[in-house]
Ligand code: MTE
Ligand code: MOS
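In our numbering, the protein residues as written are 288 to 1046.
So, in structure tokens, the structure goes:
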């Protein structure tokens, strides 16, 4: 193993102090001279034909400045996401309750809100669709294309029907999952500042500054070089600040362009609930077949996501769900068909796991049922079927090294005391205790469906005083990117960690680096930093060597570099002194780097190809207590093991694991966004319940590092993996505890209770 100074150490977070002290500047904290405020006017109903919009009453509010509608759009009224069906502002039809129809600009935020509430939309209600399965029926009201299908994929492999005919055991089940709200602490927001010469600078809370750049340029109809996006400190994203910040920023920019003054647009929590992206509700029918030895022979899946009113990221979310729909097993015969259906509800988008948690809940629940039919313990059954290095996935991709799944399963099995606990669930009084399992694989990065975006840039700048500035195109949103990337830069340059600063993204300093999603940042930006830093490293190391030689050091033992110090033959020089000498010698101390992901493929006809460059893995065991009288479930403990390659910062990795588990548990048990007749009924944190630290289970977390040769210091990606397998592990534990098989998330007490009554 190479000796590392910074990578692999639990160094302090770069943003800890500003966040803990409240000094961090979020979008809402950015103020500019002459700044105005905007507020949105929203559609009151799920689907309307807009007849007219009047600000006659709004004009009377003191401080009122103007109304902004689609007529003010100088560019193209199509937000460029994947498919471009979402107008920046609707012209004739609004397609979900809460959609921004127009914006009001005023002197203060309060006046803007007050005036927005007085803007009158005259409309006619149109028939709407609120159920994705009904949307796909023949006679359904057509709201999207010819068939309400936003996107659809297949995976076909082997002979599925025949395998089912010949099977010794088969299982089938229908499963569903509800929305999940990102519940980031900071709501969406942007400040747009017009620049002299017709440019626009936008300060935006976002995971994807380059999506904001695309959108603002399109909405204003001005070229990219006149637009600058500055990512503000981002108070949580979880996928919720992937696509939609581009819409919010464009709205602020349209207001700023019209008024010629800086405009701030900060969302309230209710409108954020109503109009910003969510985890897609999912529905799936899954069946598995196995032979008499307990080997899985076939899998059939129909998977439907509720995409909401516009396509946004549904095609990509659905694609990831499709590729992972059969679970991390060797299965020779596979038939998967998937659909994202349009409904007149909030457009659903990215959320940690990106279309995987929904289908994973279904297939990992059903794997337990199949194990039971085959007469095998769920873990032993999984071990017989798990993907291992050399095996092929359902897309026909052969897994190379860096696949530690079976070791993860064994680790969780032994650490949780699985064999004994699973065989003997306990009942004491009304409380039943049980344990459940799940196994997950996760393709790191965007994969074949997003491969044109899977590249990243970096700019590394070593200053005269030996401090280091790094610009990247991926964002910090709480996951620790600034810290991990600083560790990678420090390691590569042998620069002291404290003197390395990674900046929030400035779109004018680095090339488009794709979105900060799909747990790709460490891998993509990390590699780009290494590429940029390597030539500087060579100059620094050469200079250090010559300085040490000049000091009379004996070069025969070679030079070592560690912790920001260069040593040879008993003498040493610090990075700072070496850098000063490099500048004296007029060496180039700034470099650009670029990294493009390895080639991936996916044939649309049958879904075969190398879908992702590499996979991360997890295994989870959940121990639960179920109250047999009320159906209330409490998760006592989660044992989890991860193979995410080399761990760059163990403490941050642990934080990602704990946060992901808790967020997964929250979705599994509590989170329940309710729509009635196309209207969201609980858009607030009083009626929409999420887990807090008071609900947290005990954690037992293990990392088994299978190095990935392409990764920066052998790392893969870990941000999303910990969430994915939690819900099925909890559901399987409930089954183990009390016999109730609940097939819909959230696993609410009344659902458990109903199953118990059936029992
Ligand atoms: N952790 C925190 N604290 N806040 C976040 O918003 N987002 C998650 C995950 N962990 C998130 C987080 C999501 S959805 C992704 S894709 C990854 O972090 C992105 O980070 P990475 O690319 O650095 O892995
Ligand atoms: Mo994460 S859902 O890929 O932003």
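All residues carry an ideal CB built from backbone N, CA and C; glycine is no exception.
Anticipated Cβ contact below 8 Å, residue i with residue j, distance rounded
i: residue 569; j: residue 592; result: 5 Å
i: residue 805; j: residue 732; result: 5 Å
i: residue 577; j: residue 454; result: 6 Å
i: residue 343; j: residue 354; result: Their Cβ separation, rounded to whole angstroms, is 10 Å, which puts residue 343 and residue 354 out of contact at 8 Å.
i: residue 228; j: residue 902; result: Absent from the model: residue 228. The displayed extent of the chain is 288 to 1046, so no value can be given.
i: residue 721; j: residue 1021; result: 7 Å
i: residue 683; j: residue 896; result: 7 Å
Between the CA atoms of residue j and residue i - distance to the nearest angstrom
i: residue 695; j: residue 307; result: 35 Å
i: residue 962; j: residue 968; result: 6 Å
i: residue 989; j: residue 929; result: 6 Å
i: residue 975; j: residue 562; result: 15 Å
i: residue 475; j: residue 385; result: 15 Å
i: residue 305; j: residue 317; result: 15 Å
i: residue 288; j: residue 679; result: Any reading at residue 288 must be qualified, since the residue scores a pLDDT of 49, below 50, and its modelled position is unreliable; the value itself is stated next. Those two C-alpha atoms are separated by around 29 Å.
i: residue 329; j: residue 414; result: 18 Å
i: residue 970; j: residue 779; result: 47 Å
i: residue 483; j: residue 295; result: 46 Å
i: residue 665; j: residue 395; result: 60 Å
i: residue 919; j: residue 1017; result: 12 Å
i: residue 717; j: residue 1036; result: 14 Å
i: residue 418; j: residue 637; result: 20 Å
i: residue 377; j: residue 894; result: 36 Å
i: residue 997; j: residue 689; result: 11 Å
i: residue 851; j: residue 782; result: 5 Å
i: residue 727; j: residue 869; result: 49 Å
i: residue 641; j: residue 1019; result: 22 Å
i: residue 362; j: residue 502; result: 10 Å
i: residue 515; j: residue 910; result: 49 Å
i: residue 884; j: residue 1007; result: 19 Å
i: residue 530; j: residue 887; result: 23 Å
i: residue 400; j: residue 555; result: 10 Å
i: residue 839; j: residue 872; result: 20 Å
i: residue 627; j: residue 1038; result: 26 Å
i: residue 449; j: residue 606; result: 26 Å
i: residue 298; j: residue 936; result: 7 Å
i: residue 291; j: residue 999; result: 13 Å
i: residue 954; j: residue 835; result: 58 Å
i: residue 760; j: residue 775; result: 15 Å
i: residue 865; j: residue 789; result: 21 Å
i: residue 357; j: residue 485; result: 20 Å
i: residue 398; j: residue 391; result: 9 Å
Strand pairing of residue i, partner residues [DSSP]
i: residue 441; result: 624
i: residue 1126; result: Given a span of 288 to 1046 for the chain in the structure shown, any question on residue 1126 remains unanswerable.
i: residue 673; result: 616
i: residue 990; result: 929
i: residue 1021; result: Answer is none; residue 1021 lacks a bridge partner.
i: residue 518; result: 491
i: residue 324; result: 393 and 551
i: residue 725; result: 907
i: residue 967; result: 962
i: residue 817; result: Paired residues: none, contrary to the question.
i: residue 679; result: 685
i: residue 436; result: 628
i: residue 759; result: 745
i: residue 294; result: Paired residue(s): none; residue 294 is not in a bridge.
i: residue 719; result: 714 and 913
i: residue 833; result: BP columns for residue 833 are empty, so no partner.
i: residue 461; result: 572
i: residue 1032; result: 464
Residue i: CB within 7 Å of a non-hydrogen atom of the ligand FMN
i: residue 303; result: This structure simply doesn't include the ligand FMN; it includes the ligand MTE and the ligand MOS instead.
key: For review: beta carbons within less than 6 Å of any heavy atom in the ligand MTE   = 523, 524, 525, 526, 639, 764, 765, 766, 768, 803, 804, 805, 806, 807, 808, 809, 943, 946, 1004, 1006 and 1007
query = Can you list the alpha helix (DSSP H) stretches of 4 or more residues lying completely in the segment 563 to 639, in chain order?
reply = Runs of the alpha helix (DSSP H) inside the segment 563 to 639: 601 to 610.
ask   = Going along the chain, which unbroken runs of the beta strand (DSSP E) with 3 or more residues stay wholly within the segment 835 to 877?
value = 847 to 849, 852 to 855 and 858 to 861
ask   = Enumerated in chain order, which unbroken segments of the beta strand (DSSP E) with a length of 3 residues or greater are wholly contained in the segment 876 to 958?
value = 877 to 883, 902 to 914 and 920 to 930
key: Ranges of the alpha helix (DSSP H) found wholly within the segment 692 to 717, counting only runs of at least 4   = 692 to 702 and 705 to 710
request  = Jot down the residue ranges of each uninterrupted beta strand (DSSP E) in the segment 467 to 504, minimum 3 residues, whole runs only, in chain order.
outcome  = 476 to 482 and 486 to 491
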